[in-house]
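Okay, structure first, notes after.
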Amino acid sequence: MDITYLLNPVSQEHPGGEDLEYSAEFIHLIQLSQGKAEQQFGDFIIPTQEPDWRQIEKSALSLLARSKDLHIIILLMQAWCHQYGLVGYAQGLMLLEQTVARYWETLWPAVEQDGEPDPLMRINALQGLGDGFALAKQVRQCEFARRNGITLTVADIMKCLDGSNTEESPFPGGIDLLIAELQQGEAPVIKLIPQIAATLQCLINTLRSHLGDSGLPDMRRQMAIFHHLVQLLTPQPDTAQIEEDSQHPLPGNGNNTHQPSLSNSWQPSSIQNREQAQQALEAVRQYFLLHESSHPAPLMIARVQHLINQDFMNIMRNLAPEAVDQLEHFLGCKKQT
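According to full-length UniProt numbering, the sequence shown holds residues 1 to 337 in order.
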């Protein structure tokens, strides 16, 4: 799953290659991805056949040498996810994110129709990333861990965490013991999950910059799942350090008998730049959308996200347009008309 060569331009003249939407090869790829429905000939029944994911991978890679098409990339992601699990998904996601970042103007489907801006076809193609579509469902069925002959999928882990699994835990000792064993054994998933979460966030940020919130695929559940898993897999602070810190409380007025404790996963020094701050804001927004959908916080956070890269005057025009004239007069920067 080397994606390096897939990120090279198809040609210098046409970096995104050609539009293959109506080609026989592209149509054949779509047909392959649909598998074969159950067939009956008299009393003889041919059962449903799953897609041949190895053949889909081969066909998709061949077509990507000719065209950087979102449909093809998403089908390749499905093929890799089926064959290689979370490792395949991580590689496919990285390929998609980098392709979108590097070739937005020239990849397919085009963002212009007849010379006029029209991103609808591209927005429709990106819907294949959404929570209700095949790729996201495949990701939830990927193996998360295997211990003592027991395989747990991403969906199994989330059911155990959110309490929707009313059956006995499929892993003896519970999730806490499983995570401890994964951390101690330095399982690949420890590094893989944060990588997936970070790539998802980068992809969403890039898509938002081009399409706005209204054009984004609905990936809120995926974002929340991987953000939750990152928190779950993050090593907890050393107990001795916590006790030492408790001996040196923050300065106050002397009357505070209780200081609210920070979540174990919160590390104030972890945000080092504006991009990381934006990612943190998005993580908070996703939490409220998923767990407290009636709370107004997502609307306010979205407003902050929209304004964060604006200069002072543009922020004021957005927040209090009626006050801009007075402010410009006060600052001596009123535009000449």
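Where is the CB? At the ideal position from N, CA and C, for every residue including glycine.
Since we're looking at a predicted model, the values are computed, not measured.
Runs of 4 residues minimum, wholly inside the stretch 52 to 121: which ones carry the alpha helix (DSSP H) assignment? 53 to 64, 70 to 84, 86 to 103, all fully within the stretch 52 to 121.
Which partner residues does ILE157 have in the DSSP bridge list? According to DSSP, which records beta bridges pairwise, ILE157 is partnered with nothing at all.
Just the Cα atoms here: how many angstroms apart are SER265 and THR153? Per-residue confidence for SER265 stands at a pLDDT of 43, beneath the threshold of 50, marking its modelled position as unreliable; the derived number appears in the next sentence. So the alpha carbons of these two residues sit roughly 23 Å apart.
Inspect the beta-carbon positions of LEU20 and LEU63 and report whether they are closer than 8 Å. yes
Across the stretch 9 to 29 and the stretch 93 to 113, are there enough close Cβ pairs to call them in contact, namely three or more that are closer than 8 Å? A contact exists between the stretch 9 to 29 and the stretch 93 to 113.
Count Cβ pairs between the stretch 204 to 214 and the stretch 136 to 156 that sit closer than 8 Å; are there 3 or more? no
Which residue comes first and which comes last in the beta strand (DSSP E) that contains GLU328? Run containing GLU328: none in the beta strand (DSSP E); it sits in the alpha helix (DSSP H), 324 to 331.
If you drop the 5 nearest sequence neighbours on each side, which residues of the same chain put their C-beta closer than 7 Å to that of GLY85? CYS142, GLU143
Would GLN83 and ARG54 be called neighbours here (beta carbons separated by less than 8 Å)? yes
Return the chain-ordered list of same chain residues with a C-beta closer than 6 Å to the C-beta of ALA136, the five sequence neighbours on each side being excluded. GLN222
Let me know if LEU262 comes out buried or exposed under the rule of 16 or more other beta-carbons within 10 Å of its beta-carbon. The pLDDT assigned to LEU262 is 36, lower than 50, so where the model puts this residue is not dependable, and the model offers no usable value.
Assign GLN127 to buried or exposed, taking buried as 16 or more other Cβ atoms, counted over all protein chains shown, within 10 Å of its Cβ. exposed
Reducing DSSP to helix, strand and coil, say where ILE45 ends up. ILE45 falls in the strand class under three-state DSSP.
Name the two residues that bound the continuous beta strand (DSSP E) containing GLN143. Rather than Gln, the amino acid found at residue 143 in this sequence is Glu. That run of the beta strand (DSSP E) goes 143 to 147.
Go to GLN195, then tell me how far its alpha helix (DSSP H) extends in each direction, as first and last residue. 189 to 211
For ILE301 and GLN138, I'd like the C-alpha separation in whole angstroms. 31 Å
Compute the Euclidean distance between the alpha carbons of SER209 and ALA60, then round it to the nearest angstrom. 28 Å
With a threshold of 16 other CB atoms inside 10 Å of the CB of ASP245, please say whether the residue is buried or exposed. Confidence at ASP245 is low in this model, with a pLDDT of 47, below 50, so the placement of that residue is unreliable and no value is reported for it.
Which residue comes first and which comes last in the alpha helix (DSSP H) that contains SER11? Here SER11 belongs to no alpha helix (DSSP H), and DSSP marks it neither H nor E.
Taking only three categories from DSSP, how would you classify GLY130? coil
Residue closest to ARG146, alpha-carbon to alpha-carbon, out of ASP118, LEU177, LEU129: LEU177
The alpha helix (DSSP H) with LEU28 in it runs from where to where? In the sequence on display, residue 28 carries His and not Leu. Looking at the DSSP string, the run of the alpha helix (DSSP H) that includes HIS28 is 24 to 33.
Under 8 Å, do ILE308 and GLN278 count as touching if we go by C-beta distance? yes
Under 8 Å between the Cβ atoms of LEU232 and ILE179? yes
Integer Cβ distance of GLN201 from ALA90, believed to fall under 8 Å: Between ALA90 and GLN201 the Cβ distance is about 14 Å, and since that is not below 8 Å, they are no contact.
So ILE3 packs on LEU75, CB below 8 Å; how close in whole Å? Not confirmed; about 15 Å, so no contact.
So, helix, strand or coil for ILE150, using DSSP? strand
Proximity winner among ALA155, LEU229, GLU116, GLU25, relative to LYS58 (alpha-carbon distances): GLU25
Within a Cβ cutoff of 6 Å, which residues of the same chain sit near LEU207, ignoring the five residues on either side of it in sequence? LEU216
In the DSSP assignment, find the unbroken alpha helix (DSSP H) run with PRO298 in it and report its ends. 297 to 307
Could you give the distance in angstroms between the alpha-carbon of HIS295 and the alpha-carbon of GLN286? Distance between the alpha carbons of HIS295 and GLN286: 12 Å.
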